[in-house]
Amino acid sequence: MNPEKVVFGFFIVLSLTLNFGFFVGDIDNPAHHDKWELFAVIV
Numbered sequence: 005m006n007p008e009k010v011v012f013g014f015f016i017v018l019s020l021t022l023n024f025g026f027f028v029g030d031i032d033n034p035a036h037h038d039k040w041e042l043f044a045v046i047v
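Take 5 as the starting number for the sequence shown in the working numbering and just add one per residue.
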């Protein structure tokens, strides 16, 4: 298996996990959304 594809797949799964973790929770309650998790999603 090509290492480039493995690394690409890892980052895709990581970004999906972080996005889902930030998405879960009440939108009106900022305590449900961690600022560092949002930073990790954006970066």
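Yeah, the Cβ is synthetic: ideal placement off N, Cα and C, and Gly gets one too.
Express the C-alpha separation of residue j and residue i in angstroms, rounding to a whole number.
{"i": "Asp3", "j": "Leu18", "result": "Look at the range of the chain in this structure, 5 to 47, and you will see that residue 3 is not part of it."}
{"i": "Val11", "j": "Asp30", "result": "33 Å"}
{"i": "His37", "j": "Ile46", "result": "14 Å"}
{"i": "Val8", "j": "Phe14", "result": "According to the sequence provided, residue 8 is Glu. The question's Val does not apply to it. Rounded to whole angstroms, Glu8 to Phe14 spans 10 Å at the Cα level."}
{"i": "Phe24", "j": "Met5", "result": "28 Å"}
Going by beta-carbon coordinates alone, are residue i and residue j separated by less than 9 Å?
{"i": "Leu20", "j": "Ala44", "result": "no"}
Any chance the CB of residue i is under 8 Å from a heavy atom of the ligand MG?
{"i": "Ala35", "result": "As presented, the structure is devoid of all ligands, the ligand MG included, so that no description of it is given."}
* To do: Counting only runs of 4+ residues fully inside the segment 8-42, write out the alpha helix (DSSP H) ranges in chain order.
  => none
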